[in-house]
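*Asks:* Right, I'll just put the structure down here and ask away after.
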Amino acid sequence: MHIHLDWAGVLTGQPAQWILSGFLTTVWVTVAGIVLATVLTVLLLALRLAGGAVGRGVVAVWVSLFRNTPLLVQLLFWYFAAWNLLPLGFRQYVNDDHAFSILPGDVWWFTPEFLSSAWALGLFTAAFLVEEIQAGLHAVAKGQIEAAKSQGFSELALFRWVLLPQGLRNAWQPVVGQYLNLMKLSSLATGIGFAELTYQTRQIESYNAHALEAFAVGSVLYLLLGLVMSLLFNAPVWWRAARQERTLARKEVQDDR
Amino acid sequence: MFAGLFSASVASATEAFPVQAGTVEFRQVSKCYGNHPVLKQIDLQVRAGEVLAVCGPSGSGKSTLIRLINQLETVSGGEIYVDGKPTSTLKGKALRDLRRHVGFVFQQFNLYAHLNALDNITLALTKVHGQLPHEAQKTALALLERVGLRDKAYHLPSQLSGGQQQRVAIARTLAAKPHIILFDEPTSALDPETIGEVLQVMRSLAHSGMTLIVVTHEMQFAREIADRVIFIDGGEILEQAAPEQFFTAPQHPRAQRFLQKVLNPLHAESREP
Amino acid sequence: MIANITVITDNLDYLLLGRTAQGEPGGVLLSVLMTLGAALLAFPGGIALACLAWRFKGWPRRVLFAWAEIIRGIPLIFVIFWLWFLLPMLTGADLPGAVTVTLALAWFTSASVMYSTLAAMGSLPKGQYEAALAGGFSSVQLLRWVLLPQALRNALPSYVGLLIALLKDTSLAFIVNVPELTTVAGQVNNRVQVYPAALFIFTGLVYYLLCTLLEHTVKRWQRRSLLAAK
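Chains as they are written, first to last, in my numbering: chain A, 778 to 1034; chain B, 49 to 321; chain C, 7 to 236.
Following this line, the structure appears as structure tokens:
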């Protein structure tokens, strides 16, 4: 059995442009989704921590709803059902071409598909982020809180200076994992006809039947994107550790003199 | 003396509770967890500047005793007076005021894990006492010098030994210039060879104007440094005496048995009461 | 409002069973079947891989980790595409779409099961392993009698999470038109057109019920087995 692979059919000409366009679209919708998810997570956390029983209840319902239903179903709902409930004027506005509708790399963001995808990804991921950060906060040793209380910190100051910094540190790896998940889940938007990377690889497959080559290139691009995101998000961690080492080395030299 | 530590907003609080003299009084204080009594009608008076050692078997309630003073636990009955003022009903700002001026040293050190030694000390100074950062840093460096850890100022707690962490913790409490410092078994979690460095720091604090209440198993410390030793068992103070008298001629039979077990473990009676 | 509900009730048998009457399982039934099928492959498979990775710490473990990273680093839909195209080529047979998707889900999930199991094994006190070694156990005996019983129990919450994720991931069959619940709901929506909200809310509700049911069942079983052990 011999599989003949023709990479030129995928890496040149029209297919290459499709791949590039799809890749950039994936990048932009990921960015939009991450921003939205983070903002929502902050709001949800604030609601849970300071909103009393009602706030906690709302967040519990949100988390339960968005975590126990498939993202694809949510996406189909937002795109097919919720979109049509928006005011007609707004929908027409979005459907028209505007100067600001294009992001660098020729990506149309002010479209129903992009907006629905980013929205669905943001809401879905926020439900997971809230739980991860909650777990991170919970994992902070109780002694830290006692020490801060015994020094006279108020609840808010305790949260801001002792609990949150350590909680975020605990939760960082899982949070980065969720961001990477968001990037991979953006592939589901192909189901609503959104022209991100997965959509484009199938486009190539139906264009010149180079399925395996297209999937291989797509796989590599997703893996690379994941690697880059991982490095970017972990950069602060490395930078901080490196700075601590440099500070210690410098202070030792100073003291030796 | 506290003017330098207070920002304007803090000093103008009408419910301010700055600890001035450092006296502590327990009147009929009891503490229960559910139905389980841990402290039973404790009466105790601690003079300003006194060094009080608190000993007793585990589960006797000695840690609870000092944790009630800065309200890490709340009393179930009775009243605790700090500088003659009742503390059990303190809440919010007034409670934080009390805590700002009562130092607490934990058995597990409880240094802020994400901050280096210097920042551990300056955090409360800047965020709670409202000091300016460079002032706070000067204070902190001087305190680190005092406990012999100036060269570890930029180390994280994870990069310090247990004894070093505890010394930083003591420096952290000293930064607030407290008149009362509470120690909850400060050396129990340390390797034997590092206990000495911590006890020496504590000794340097004794009789310098601060009231020290120390829950400890270190009998040598209690004997040499304390002004008074109290023995707690089963939630009651069974004996109070000057160290010399307590260690050579304890009166209460349970105190006698406890001392025997602690000082002469290989030959103590194993008969349980 | 009534019209919304009639859309559901009119199509209920199609949503629940697809074209089962014609011999093609579909709808909710197919979703459940695919979940069970994938789970039956992924969990034993993943645990076996974890044992291999645990036992052979050199190259085999590195290869397994590299494989797992690649599988988890690409979107699940790509795993489905890969198998969709490779399986017919490799086996020469024309497999039903549902089978391919199930195999893809199993393939993907087994990587996560492997990681969860290894994590649970690693978090056991080292003393367990050392005591067994000192007692003369072989690797297989060690795994079978000492490590796995404890590790699997500790990993159970993680496994439940993976199972729930598996159930939700069956919805990806929509992309390749395999007629499980989401696909079927999409078909009804295409036909009826005017009640998308009702349809997709109903679909979401079904998944929600299935997922929470799954979670509660496992928790109850776990509690009961803990009590039985006493």
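Even glycine gets a Cβ: it sits at the ideal position worked out from N, Cα and C.
Using a C-beta to C-beta distance shorter than 7 Å, which residues of chain A count as neighbours of Gln156(B)?
*Replies:* Start at 1 with the first residue of the second sequence, and residue 156(B) comes out as number 108. Simply Gly920.
*Asks:* Kindly list, in the order they appear in chain B, the residues whose Cβ is closer than 8 Å to that of Val1014(A).
*Replies:* For this step, residue 1014(A) is matched to residue 237 along the first sequence. Simply none; closest approach about 12 Å.
*Asks:* Taking the CB atoms as reference points, tell me whether Ala44(C) and Ala112(C) lie closer together than 8 Å.
*Replies:* For this step, residue 44(C) is matched to residue 38 along the third sequence. For this step, residue 112(C) is matched to residue 106 along the third sequence. Yes, the pair counts as a contact, with Cβ atoms nearer than the cut-off.
*Asks:* Using a Cβ cut-off of 8 Å, pull out every chain A residue sitting near His203(B), in sequence order please.
*Replies:* Here residue 203(B) corresponds to residue number 155 of the second sequence, with the count starting at 1. Within 8 Å Cβ-Cβ: Leu1025.
*Asks:* Using a Cβ cut-off of 7 Å, pull out every chain B residue sitting near Ala737(A), in sequence order please.
*Replies:* Beyond the ends of chain A as shown, which are 778 and 1034, falls residue 737(A); an answer cannot be given.
*Asks:* Classify Met95(C): buried if its beta carbon has 16 or more other beta carbons within 10 angstroms, exposed otherwise.
*Replies:* Within the third sequence, residue 95(C) is the residue found at index 89, counting from 1. Classification for Met95(C): exposed.
*Asks:* Pick out whichever of Leu1009(A), His915(A) and Tyr976(A) has its Cα sitting closest to the Cα of Trp795(A).
*Replies:* Residue 795(A) sits at position 18 when you count from the first residue of the first sequence. Nearest C-alpha to Trp795(A): Tyr976(A).
*Asks:* What do you reckon, is the C-beta of Gly829(A) under 7 Å from a heavy atom of the ligand ADP?
*Replies:* As far as ligands go, the structure on display features none, and thus does not contain the ligand ADP.
*Asks:* Take Leu817(A) and list the residues in its own chain whose beta-carbon comes closer than 7 Å to its own, dropping the five residues that flank it on each side.
*Replies:* Numbered from its first residue, the first sequence carries residue 817(A) at position 40. Only Gly899, Leu900 and Ala903 meet the Cβ criterion.
*Asks:* Do you know how far the Cα of Phe294(B) is from the Cα of Val310(B)?
*Replies:* Position 262 of the second sequence, counted from the first residue, corresponds to residue 310(B). Position 246 of the second sequence, counted from the first residue, corresponds to residue 294(B). Approximately 13 Å, taken between the alpha carbons.
*Asks:* Keeping to the same chain, check which residues put their C-beta closer than 8 Å to that of Leu22(C); ignore five residues upstream and five downstream.
*Replies:* Here residue 22(C) corresponds to residue number 16 of the third sequence, with the count starting at 1. Around Leu22(C): Gly33, Val34 and Leu35.
*Asks:* Closer than 9 Å, Cβ to Cβ, to anything on chain A: give me those residues from the stretch 163 to 188 of chain C, in chain order.
*Replies:* Here the close residues are Ile170, Leu173, Lys174, Asp175, Thr176, Ser177, Leu178, Phe180, Ile181, Leu187 and Thr188.
*Asks:* For Pro202(C), go through chain A and note every residue whose CB falls closer than 7 Å to its CB, in chain order.
*Replies:* For the purposes of this step, residue 202(C) is taken as the residue at position 196 of the third sequence. The contacting residues are Phe857 and Ala858.
*Asks:* Is there a Cβ of chain B sitting closer than 8 Å to that of Val939(A), yes or no?
*Replies:* Residue mapping note: residue 939(A) aligns to position 162 of the first sequence, counting from 1. With 8 Å as the cut-off, Val939(A) counts as an interface residue toward chain B.
*Asks:* In the structure shown, what three-state DSSP assignment does Trp938(A) receive?
*Replies:* For this step, residue 938(A) is matched to residue 161 along the first sequence. Trp938(A): helix per DSSP, three-state reduction.
*Asks:* Put Gly125(B) into one of helix, strand or coil per three-state DSSP.
*Replies:* Within the second sequence, the letter at position 77 stands for residue 125(B). Three-state DSSP puts Gly125(B) in a strand.
*Asks:* Kindly give me the distance between the Cβ atoms of Gly210(C) and Thr846(A), rounded to whole angstroms, as I take these residues to be in contact under 8 Å.
*Replies:* Your numbering for residue 210(C) matches position 204 in the third sequence. Your numbering for residue 846(A) matches position 69 in the first sequence. Indeed, because the Cβ distance is near 4 Å, the residues count as touching under 8 Å.
*Asks:* Would you list the residues sitting across from Gln288(B) in a DSSP beta bridge?
*Replies:* Here residue 288(B) refers to the residue found at position 240 of the second sequence. Per DSSP, Ile278(B).
*Asks:* In chain order, what residues of the stretch 147 to 171 of chain B put their CB closer than 7 Å to some CB of chain A?
*Replies:* Against chain A - using a Cβ distance shorter than 7 Å - the residues of the stretch 147 to 171 of chain B are Arg147, Arg148, Phe152, Phe154, Gln156, Asn158, Tyr160, Ala161, His162 and Leu171.
*Asks:* Under 8 Å Cβ-Cβ, which residues of chain C neighbour Ser983(A)?
*Replies:* Sequence index remark: in the first sequence, residue 983(A) carries index 206 (1-based). Those within 8 Å of Ser983(A) in chain C number zero; the least Cβ separation is about 13 Å.
*Asks:* Taking only beta-carbon atoms, is Leu813(A) less than 8 Å away from chain C?
*Replies:* For this step, residue 813(A) is matched to residue 36 along the first sequence. For Leu813(A), the answer is no, since every Cβ of chain C falls outside 8 Å of its Cβ.
*Asks:* What's the call for Asn17(C), buried or exposed, on a 16-neighbour Cβ count within 10 Å?
*Replies:* To locate residue 17(C), count along the third sequence from 1; it is residue 11. It is buried - the Cβ of Asn17(C) has at least 16 other Cβ atoms within 10 Å.
*Asks:* If you run the structure through DSSP and keep just helix, strand and coil, what is Leu885(A)?
*Replies:* Numbered from its first residue, the first sequence carries residue 885(A) at position 108. Residue 885(A) is actually Trp in this sequence, not Leu. Residue state, collapsed to three classes: strand.
*Asks:* Only counting the same chain, and skipping five residues up and downstream in sequence, which positions put a Cβ closer than 6 Å to that of Gln921(A)?
*Replies:* Walking along the first sequence from the start, residue 921(A) turns up at place 144. The residues are Val939.
*Asks:* Quick check on DSSP: helix, strand or coil for Ser231(C)?
*Replies:* Within the third sequence, numbered from 1, the residue matching residue 231(C) stands at position 225. In this structure, Ser231(C) counts as helix in the three-state DSSP scheme.
*Asks:* Within 10 angstroms of the Cβ of Asp19(C), are there 16 or more other Cβ atoms? Answer buried if so, exposed if not.
*Replies:* For the purposes of this step, residue 19(C) is identified with residue 13 of the third sequence, where counting begins at 1. Exposed, by the Cβ-count rule.
*Asks:* Between which two residues does the alpha helix (DSSP H) holding Pro313(B) run?
*Replies:* On the second sequence, residue 313(B) is found 265 positions in, with the first residue counted as 1. Unbroken run through Pro313(B): none, as it is neither H nor E.
*Asks:* Nearest by alpha-carbon distance to Lys141(B): which of Trp1016(A), Val787(A) and Phe930(A) is it?
*Replies:* Looking up residue 141(B) in the second sequence gives position 93. Among Trp1016(A), Val787(A) and Phe930(A), the Cα nearest to that of Lys141(B) is on Phe930(A).
*Asks:* Kindly say whether Glu1035(A), judged by its beta-carbon, lies nearer than 8 Å to any beta-carbon of chain B.
*Replies:* Absent from the model: residue 1035(A). The displayed extent of chain A is 778 to 1034, so no value can be given.
*Asks:* When the distance is taken between beta carbons, is Glu287(B) closer than 8 Å to Gln268(B)?
*Replies:* Residue numbering aside, residue 268(B) sits at position 220 when the second sequence is read from its first letter. Residue numbering aside, residue 287(B) sits at position 239 when the second sequence is read from its first letter. Contact: no.
*Asks:* Tell me the DSSP secondary structure of Arg75(B) in three-state form.
*Replies:* Position 27 of the second sequence, counted from the start, is the residue given in the question as residue 75(B). Reduced to three states, the DSSP call for Arg75(B) is strand.
*Asks:* Give a yes or no on whether 8 Å exceeds the smallest Cβ distance from Pro847(A) to chain C.
*Replies:* Numbered from 1 along the first sequence, position 70 holds the residue referred to as residue 847(A). Yes, contact with chain C.
*Asks:* Taking only runs that begin and end inside the stretch 160 to 245 of chain B, name each unbroken beta strand (DSSP E) of 3 or more residues, in chain order.
*Replies:* Fully enclosed beta strand (DSSP E) runs of 3 or longer: 228 to 232.
*Asks:* Could you name the residues of the same chain whose beta carbon sits closer than 6 Å to that of Ala966(A), not counting the 5 residues immediately before and after it, in chain order?
*Replies:* Residue 966(A) sits at position 189 when you count from the first residue of the first sequence. Ser894 and Glu973, listed in sequence order.
*Asks:* Roughly how many angstroms separate the alpha carbons of Leu101(C) and Leu93(C), rounded to a whole number?
*Replies:* Counting from 1 along the third sequence, the entry for residue 101(C) is found at position 95. Counting from 1 along the third sequence, the entry for residue 93(C) is found at position 87. So the alpha carbons of these two residues sit roughly 8 Å apart.
*Asks:* Going by DSSP, what residue range makes up the alpha helix (DSSP H) through Asp175(C)?
*Replies:* Taking the third sequence and counting its residues from 1, the one referred to as residue 175(C) is at position 169. It spans Leu154 to Asp175 - the alpha helix (DSSP H) in which Asp175(C) sits, taken as one unbroken run.
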